[in-house]
Amino acid sequence: EAWPLPDSGDIPVTGYHAFHLGKDKQLWVLVNNKNVYHFDIETHKYTHRYDVPVETYFCHLATDAAGEPLFSVSNDDHGRLTLTHFTEGDTSQLTRILSFNGTPLKISRLRPDGDSLVWFTDRRSLYAYHIKEDRVIRHFVYNASGPLTEDALEFYNRDTLILSTGAAGLYFFDCRRNQVVSKVLPTNGSTSNRLSSGTVCAVNVLNDGSVWCNICTKGLDFFHPGKTKFTVVNMPESLAGKGGSLAITSLLEVGDEIWCSTKFQGILVFDRQGNFKRQYHANSPPALRLPSNTVRLLFLDRKKRIWILTNRGMSVFDGRMKLVRPDEILSICQLDDGNLVVGPRSGGLELLVQAPGGSFTSSPVENIDKKSHYVRLWMDNYGRLFGNRNLIVVDVISVRDGFKIRQNIPLSGEVEFLQEARADKIWIGSSQGLS
1342 EAWPLPDSGD IPVTGYHAFH LGKDKQLWVL VNNKNVYHFD IETHKYTHRY
1392 DVPVETYFCH LATDAAGEPL FSVSNDDHGR LTLTHFTEGD TSQLTRILSF
1442 NGTPLKISRL RPDGDSLVWF TDRRSLYAYH IKEDRVIRHF VYNASGPLTE
1492 DALEFYNRDT LILSTGAAGL YFFDCRRNQV VSKVLPTNGS TSNRLSSGTV
1542 CAVNVLNDGS VWCNICTKGL DFFHPGKTKF TVVNMPESLA GKGGSLAITS
1592 LLEVGDEIWC STKFQGILVF DRQGNFKRQY HANSPPALRL PSNTVRLLFL
1642 DRKKRIWILT NRGMSVFDGR MKLVRPDEIL SICQLDDGNL VVGPRSGGLE
1692 LLVQAPGGSF TSSPVENIDK KSHYVRLWMD NYGRLFGNRN LIVVDVISVR
1742 DGFKIRQNIP LSGEVEFLQE ARADKIWIGS SQGLS
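Take the position in the sequence shown, starting the count at 1, then add 1341; the result is the number in the working numbering.
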C-alpha cells in the first residue's frame, strides 16, 4: 500500500526531502524543501501545515516537546542561513536571515541541537544561535586568519561537537562549557597521533564511538577513543584515490574486521582499532584478485561468505577470491532457503545456486521480465522479495509462488526499506514520499 506525497501543483516533486519522526510517532515530511506536511501513521493522511519561504537544498526540521514542528534551518543558494520558526498554534512563520555583528552569515555546516539551538560554522568561527531569543549566544573563532578550506561539523555525543578547523586539525568542542576539550592535530612530519592532513571533508561517528574521517588530500583517518586521548591511524599514502580522496562505497563488519569497498582502490580491510591490515585489488595475486578496482557493494551471506559486486563482475570470498559472474551485478539478496538472487545489469533476476562441488550455477527467474533492471533487492521477515525496478517501481515478489509479482508500488528513484521489529509494517522511503 502506497501513500504518495500530495500534488504540489506546478512544482514537480524533486526528491529533496526531510523526514522527521516526532513525539508519539508523528511524522513530518518536507516536500521539495519548501512544504511541510504532517503524515498520520494511523489514517495515512497528509495534512499541509507550513510553507518554508525559501527553497533550499540543505534543510533540517526540529520539533518541540509536544511533537510540533518548531523550526527549520537551511542554506539558500547564496550560502546564507535562513531560519523559519513555526509559531505554535497557527501556520504563521518568522523567517530570519541570520547575521552576527551586522554581517550576514554564510554558513558551510549546521547541526540543530534540541528545540532551541542550532550550531553552525562559516569556515572561520563556530556559532550557537538561540531560536527563541533570536541571537547568537556563543561564538568561537577557530580559523581567524587561515585560508578557507573544506570543513566538517558533527556531534560526537550529546554535549560534544567534532569541528574541522582547516590547518589546525580537529577540535572536540564542549557545547555546554563553550571550550575546546581535546585536539587532534595535522601532521608535522610525524605520523604518531596526527591527522594525515588538516583538510577534513567529512566525519562519521560510529555507534561504538570510533570516528572515520575522509581526509581530502590523503584518504582516510581513523580515531579510536582511549581513556585520555585518541589514537590516529593514517591511511598509507599509496592508497589515496583520484584527487587525493578515498571514495568509500560501502562498509561491512566481518567478525573483528571492517571491510571498506572503494571506487578506485578495491577493498581495504581494517581491524576494529582502525589499523590497516590488507588490500584486495585487480593486481592482487590470483587467489585474492578482484575483477576490478571499482567495487560497488559488499554483501555478507549467512554462511559468512563475502560477495563483492564490481563494475566488471561479481566475486565471492571465503578465504580465496572466486569469480562467480563476469558481468556486472547491480543487486544481491539471500533467500530463506540460503540461495541467492541477483539482478544483473543485462536485466531480469537470476537464481544463484551452489552445486555439490562448490561451483555456482545461474538460472533466470522465468516470471521476471528480462528487460527489467533491479537496482536493489530486499527480503522482509515473511519471505517476500522487494525489488526496486528501473528506479520507477517497487515490485513485491512472492518467492514461494515461483517469484510471482503480487504487487507494484509506483515509487521513483532509489528507495530505502525498514521493517519495524515485531510488526507487519514495512516503511519504504522514496522521492515520492513514504509507503
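Even for Gly, the Cβ is constructed at its ideal location relative to N, Cα and C. In this text, all values refer to a predicted model and were calculated from it rather than measured experimentally.
Would you mind stating whether residue i and residue j have Cβ atoms separated by less than 8 Å?
| i | j | result |
| --- | --- | --- |
| residue 1730 | residue 1739 | no |
| residue 1657 | residue 1647 | yes |
| residue 1679 | residue 1664 | no |
| residue 1630 | residue 1590 | no |
| residue 1552 | residue 1503 | yes |
| residue 1514 | residue 1501 | yes |
| residue 1493 | residue 1544 | yes |
| residue 1684 | residue 1692 | no |
| residue 1777 | residue 1628 | This structure gives no information on residue 1777, because the portion of the chain shown stretches from 1342 to 1776. |
| residue 1642 | residue 1675 | yes |
| residue 1597 | residue 1516 | no |
Which class does residue i belong to by DSSP, given the choice of helix, strand or coil?
| i | result |
| --- | --- |
| residue 1627 | helix |
| residue 1691 | strand |
| residue 1509 | helix |
| residue 1684 | strand |
| residue 1497 | strand |
| residue 1723 | coil |
| residue 1594 | strand |
| residue 1430 | Below a pLDDT of 50, predicted positions are generally treated as unreliable, and residue 1430, at 40, falls in that range; the measurement from the model is reported next regardless. The answer is coil: DSSP assigns residue 1430 none of H, G, I, E or B. |
| residue 1339 | Residue 1339 cannot be examined here, being either before or after the span of the chain that is shown, 1342 to 1776. |
| residue 1740 | coil |
| residue 1660 | coil |
| residue 1605 | coil |
| residue 1654 | strand |
| residue 1676 | coil |
| residue 1483 | coil |
| residue 1526 | coil |
| residue 1668 | coil |
Just the Cα atoms here: how many angstroms apart are residue i and residue j?
| i | j | result |
| --- | --- | --- |
| residue 1795 | residue 1744 | The structure shown has nothing for residue 1795, since the chain only spans 1342 to 1776. |
| residue 1594 | residue 1603 | 15 Å |
| residue 1611 | residue 1621 | 12 Å |
| residue 1736 | residue 1750 | 6 Å |
| residue 1673 | residue 1592 | 16 Å |
| residue 1705 | residue 1386 | 40 Å |
| residue 1640 | residue 1719 | 12 Å |
| residue 1707 | residue 1623 | 34 Å |
| residue 1457 | residue 1380 | 24 Å |
| residue 1713 | residue 1633 | 25 Å |
| residue 1497 | residue 1546 | 6 Å |
| residue 1388 | residue 1378 | 5 Å |
| residue 1523 | residue 1512 | 6 Å |
| residue 1607 | residue 1659 | 17 Å |
| residue 1716 | residue 1651 | 14 Å |
| residue 1465 | residue 1626 | 48 Å |
| residue 1518 | residue 1541 | 25 Å |
| residue 1618 | residue 1609 | 8 Å |
| residue 1499 | residue 1601 | 28 Å |
| residue 1644 | residue 1475 | 57 Å |
| residue 1390 | residue 1506 | 39 Å |
| residue 1741 | residue 1711 | 20 Å |
| residue 1368 | residue 1383 | 11 Å |
| residue 1444 | residue 1535 | 35 Å |
| residue 1525 | residue 1376 | 41 Å |
| residue 1470 | residue 1605 | 41 Å |
| residue 1586 | residue 1702 | Reliability fails at residue 1586, whose pLDDT of 49 lies under 50, so the model's placement of it is uncertain and no value is given. |
Should residue i be labelled buried (16 or more other beta-carbon atoms within 10 Å of its own) or exposed?
| i | result |
| --- | --- |
| residue 1698 | exposed |
| residue 1700 | exposed |
| residue 1462 | buried |
| residue 1724 | exposed |
| residue 1667 | exposed |
| residue 1599 | buried |
| residue 1709 | buried |
| residue 1520 | exposed |
| residue 1687 | exposed |
| residue 1527 | buried |
| residue 1473 | exposed |
| residue 1442 | exposed |
| residue 1440 | exposed |
| residue 1616 | exposed |
| residue 1733 | exposed |
| residue 1635 | buried |
Mind reading off the beta-carbon distance from residue i to residue j? Whole number of angstroms is fine, and I expect it under 8 Å.
| i | j | result |
| --- | --- | --- |
| residue 1682 | residue 1726 | 7 Å |
| residue 1468 | residue 1477 | 5 Å |
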